[in-house]
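Shown next, in structure tokens, is the structure this report addresses.
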Amino acid sequence: LGKDRDAGFGSNIWAVQGTKTKDGASLLANDGHLELSVPPLAWGTGLDTRVFGGGDLHQLGGWLGTFPVIVGGTNGDVAWGGVNPVVDITDWYREELQLDANGAPAASRFGTAWKPLAALDESYEVAAVAALGSVGRTETWTRWATFDGRWITAIEGRPASGPDDAGAGETVVNVLGDLVVPQDMDDDGVIEALSFDHTALDATRWPEALFQVGLAKDVSEVREATRGYVGAALFTQASDRHGDIFYTSYQAVPCRGYLGRTDGVFAPGADPTRVIDGTRFGGFEIPTDADGKSDEGPGQTDPQKCVIPFDEMPYAINPTTGFLFSANNDPAGLTDDGDEKNDAWYLGGPWSSVRANTIRKDLVAATADAQADVGAMETIQASKESRLGRELVPHLLAAIQRGKDLASIGGTPADWEIRLEQRYSGRSAEMDEVAARLDGWGARGFVASSGVATFYDAPDADAKANAVAAMVFNAWVRRFLSLVWDDEGISAWRWSGSREQVAAVFRFLAGRGPNNPGALASWDAETEEAVFFDRLGTAAVERSDELMLQALEEALDWLESDTTAPGAGGFGTTDMDQWLWGLRHQVKFRSILAGYIGNDPTLSLITDLFEITTDRLPLADSYAAGDPRAGLKWFPRGGDQWGVDAANPGLGGTDYTYGSGPAMRIVVALKDGAVEGSLILPGGESALTDSPHFDDQARLWLANAYLPLRFAPADVAAGATGREVYAPPAQ
7 LGKDRDAGFG
17 SNIWAVQGTK
27 TKDGASLLAN
37 DGHLELSVPP
47 LAWGTGLDTR
57 VFGGGDLHQL
67 GGWLGTFPVI
77 VGGTNGDVAW
87 GGVNPVVDIT
97 DWYREELQLD
107 ANGAPAASRF
117 GTAWKPLAAL
127 DESYEVAAVA
137 ALGSVGRTET
147 WTRWATFDGR
157 WITAIEGRPA
167 SGPDDAGAGE
177 TVVNVLGDLV
187 VPQDMDDDGV
197 IEALSFDHTA
207 LDATRWPEAL
217 FQVGLAKDVS
227 EVREATRGYV
237 GAALFTQASD
247 RHGDIFYTSY
257 QAVPCRGYLG
267 RTDGVFAPGA
277 DPTRVIDGTR
287 FGGFEIPTDA
297 DGKSDEGPGQ
307 TDPQKCVIPF
317 DEMPYAINPT
327 TGFLFSANND
337 PAGLTDDGDE
347 KNDAWYLGGP
357 WSSVRANTIR
367 KDLVAATADA
377 QADVGAMETI
387 QASKESRLGR
397 ELVPHLLAAI
407 QRGKDLASIG
417 GTPADWEIRL
427 EQRYSGRSAE
437 MDEVAARLDG
447 WGARGFVASS
457 GVATFYDAPD
467 ADAKANAVAA
477 MVFNAWVRRF
487 LSLVWDDEGI
497 SAWRWSGSRE
507 QVAAVFRFLA
517 GRGPNNPGAL
527 ASWDAETEEA
537 VFFDRLGTAA
547 VERSDELMLQ
557 ALEEALDWLE
567 SDTTAPGAGG
577 FGTTDMDQWL
587 WGLRHQVKFR
597 SILAGYIGND
607 PTLSLITDLF
617 EITTDRLPLA
627 DSYAAGDPRA
637 GLKWFPRGGD
647 QWGVDAANPG
657 LGGTDYTYGS
667 GPAMRIVVAL
677 KDGAVEGSLI
687 LPGGESALTD
697 SPHFDDQARL
707 WLANAYLPLR
717 FAPADVAAGA
727 TGREVYAPPA
737 Q
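All residue numbers for the sequence shown refer to this note's numbering, where the first residue is 7 and numbers rise by one.
The structure is reproduced here in structure tokens:
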């Protein structure tokens, strides 16, 4: 859904028990992070069959696209929502194929036997779209699966452009859109292929399970409904009218006991986090009952059909803290030892932790006096705290201070100390100013403010000071990470390179000092820190402090450089007061089609019409000459990498704009049948550009403001702007 792995993505949800709130109501807050597209991926929706239909349905919340099930919201008895679980429900396999006389896939090897492949013909209707050069037609292609149902997704062979590329005894096959003539390309005597198994291939009534959650009367019924989560699910949380709260990580996950594992270590060829040897290990099956719920019975005797028991998947009801939270983080401390695969059950991972930690900290404060309410939840959703700044700024300040101290002390400094002092002395005035600004930023809570005056933000002096510090820090941190890693040539980051790089740097910095205090495998006795701080290809052995000051020097050079376009490049001045974070860190509301058409200027003329830009929503009524806001296309915003109010610009390059974030913010308070709360979308409820509801919610979303949650029919009528009636055609 348009998300960037390098920039990072995720969602937030938390719930507060009635014992910790102002009036005894339970609270649930959820904001799913998706592409901030136009039209939006999430829609605010009310479903009711009671008022006019005599039915039982009364729900309010949001659904994704045209999928007609509310995935997060309330029915008055419970409120529910979820976040991406990062649970591993897909295994990939290396296969060896045998071809038939026509050169088409016929069998795959399993053990010493060749097992016939299942062949399924699939027809595709291709639309006639003259503007895209598409000719209307029907195409039929064969899809293959192994004897136990694993889908073939890639086959070794010669690339082809069409069916006519096949010679005698050859067949052109289509695997996931790639045309290939199966062939042993590396002359090893084997035609290899990739296949996958996925729990969704065994799902029978998955939509019904989602629907059942919305019919629950209390959190225990929500938990029971999640037994039907076979094929996909979120880490789910719920609250109810009785003040109770609930969390579960449940979805059907294969036990994988048939994969060789000793002391938590998977054997070569049997590791589900890598490609499994499909000639030795088969796929899994998730058995289900008549209601589509996971059936744990068959797995008692057949390891291929074993499902992790429902009661052993991490869950919680009414914890002693009085609150629950989830933000794509480890569900039960499974990775506290640094390994996500060595527990009794392998669930998945690696998980995120930064947003969840911030939310936990904020919930502790919000519930300390048992006065939490909807407003407090909205405040947490709006958090712009820079956790990277909080963690890394003290190290940068210490490096600046060491450089400054070396400039004034005597003795015989080491070579690296001479280099560090020279870096500091070369930009001492600027580095001292940076140190003062970053120190002040920390005293104010490391809030990554935009600092730019707009129709939705009126920054005061503190906010502007925060904005300068946030700009300097974010320009510095990218360069520091680059200096640490770019010379290493490492390309094996498994999930999100930037996330793993930052986590490693945290450990490296904490592990500096004599006697290897962090027990780092990369610790060097001479430098007393990780070897990764040394730049490969240079004669010197660099230290971490040197890299931090070099990165700061490079950041200052860039910030002082000329502006290359509105909102891009440096600021063209040495006056740091002009370096406002929001002038570079901006949110984009692009057409949902923009990611598919690339840079085609012809088609962009169409998609540009569906963007929400400052042409539609001007930042100000007028601009003085030279006002840097005048040419901005997108909207200045606070926050930075891995903040709660998701605004991830990524950690590389010089572009700080972002296009993914909270696709819907919702807060629900429930007590004895009463429903209160708030909801907002990043754009509007209409996809029609001439509708007043095309971009009206963007104004509120940008300001972290909300619309009221209108659940009761009387409240809906009071806020209504129109009514449409749909009826079946006359017979």
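The beta-carbon is built from N, C-alpha and C at its ideal position, and this holds for glycine as well.
From a predicted model like this one, the values you see are computed outputs, not experimental measurements.
Let me know if residue i comes out buried or exposed under the rule of 16 or more other beta-carbons within 10 Å of its beta-carbon.
i	result
R429	buried
N605	exposed
I415	exposed
T80	buried
Q23	buried
T232	buried
A442	exposed
T570	exposed
P260	buried
E4	Nothing can be reported for residue 4: it is not among the residues displayed for the chain, which extend from 7 to 737.
L105	buried
D208	buried
V77	buried
S550	buried
E128	exposed
E101	buried
T544	exposed
N521	exposed
Q257	buried
R622	exposed
Using C-beta distances below 7 Å, list every residue in its chain close to residue i, excluding the 5 sequence neighbours before and after it, in chain order.
i	result
L715	L66, V674, V681, E682, G683, S684 and L685
E214	G234 and G298
L7	Note that L7 has pLDDT 49, beneath the 50 cutoff, so the model's placement of it is unreliable and the number below is only indicative. Taken in chain order, the residues that qualify are L40, E41 and L47.
I598	S43, V44 and P45
A516	G524
L330	W20, A21, Q243, I251, Y253 and A322
Can you find the residues in the same chain that come closer than 8 Å, C-beta to C-beta, to residue i, ignoring five residues on each side of it along the sequence?
i	result
E397	F512
A166	A172, V178, L185, V186 and V187
K636	The displayed chain sequence assigns Ala, not Lys, to residue 636. Closer than 8 Å at the Cβ level, and outside the excluded window around A636, lie P572 and Y629.
D342	D336
I603	L609, S610 and T613
E560	R485
Report back the beta-carbon spacing between residue i and residue j to the nearest angstrom; my notes put them in contact at under 8 Å.
i	j	result
N480	S455	So it is not a contact: roughly 12 Å between Cβ atoms.
A413	S431	6 Å
E318	R425	Contact flag wrong, Cβ pair sits at about 55 Å.
D646	P655	7 Å
A376	K26	5 Å
V44	G573	19 Å between Cβ atoms; not a contact.
S17	A333	7 Å
F290	Q310	6 Å
V474	G457	7 Å
G88	F241	6 Å
R505	S392	16 Å between Cβ atoms; not a contact.
R361	V650	5 Å
Below 6 Å CB to CB, which residues in the same chain sit around residue i once its five sequence neighbours on both sides are set aside?
i	result
P169	V178
N363	none
D540	V547 and E548
Closer than 8 Å is the cut-off here; do at least three beta carbon pairs connect the segment 23-41 with the segment 237-248? yes
Below 8 Å, how does it come out for the segment 668-687 and the segment 40-51: are there three or more Cβ pairs, yes or no? yes
Give a yes or no on contact between the segment 699-717 and the segment 459-473, applying the rule of three or more CB pairs nearer than 8 Å. yes
Length at least 4, wholly inside the segment 41-76: the alpha helix (DSSP H) runs in chain order: none
Segment contact flag, the segment 338-354 with the segment 90-102, C-beta cutoff 8 Å, min 3 pairs: yes
Could you say if the segment 107-121 and the segment 294-310 meet the contact criterion of at least three C-beta pairs nearer than 8 Å? no
I want to know whether the segment 580-598 touches the segment 516-535 - three or more CB-CB distances under 8 Å. no
What beta strand (DSSP E) runs, 3 residues minimum, are completely inside the segment 108-183? 111-116, 119-122, 124-132, 143-151, 157-161, 163-165 and 179-181
Would you be able to state if there are at least three C-beta pairs under 8 Å between the segment 360-372 and the segment 398-406? no
Scan the segment 519-583 and note each continuous alpha helix (DSSP H) run of 4 residues or more that stays entirely inside, going in chain order. 550-566
Taking only runs that begin and end inside the segment 245-302, name each unbroken beta strand (DSSP E) of 3 or more residues, in chain order. 251-254 and 281-283
Please determine if the segment 189-197 and the segment 155-164 are in contact, where contact requires at least 3 C-beta pairs separated by less than 8 Å. yes
If you pair each beta-carbon of the segment 105-114 with each one of the segment 262-281, do three or more pairs fall below 8 Å? no
Identify every run of the alpha helix (DSSP H) within the segment 337-420, keeping only runs that are complete inside it and at least 4 residues long; order them along the chain. 360-373, 380-387 and 393-412
Whether or not the segment 648-662 and the segment 588-595 are in contact is what I'm after, with contact meaning three or more pairs of Cβ atoms, one per stretch, closer than 8 Å; do they touch? yes
Within the segment 418-462, note down every full alpha helix (DSSP H) run reaching 4 residues or more, in order along the chain. 421-432 and 434-449
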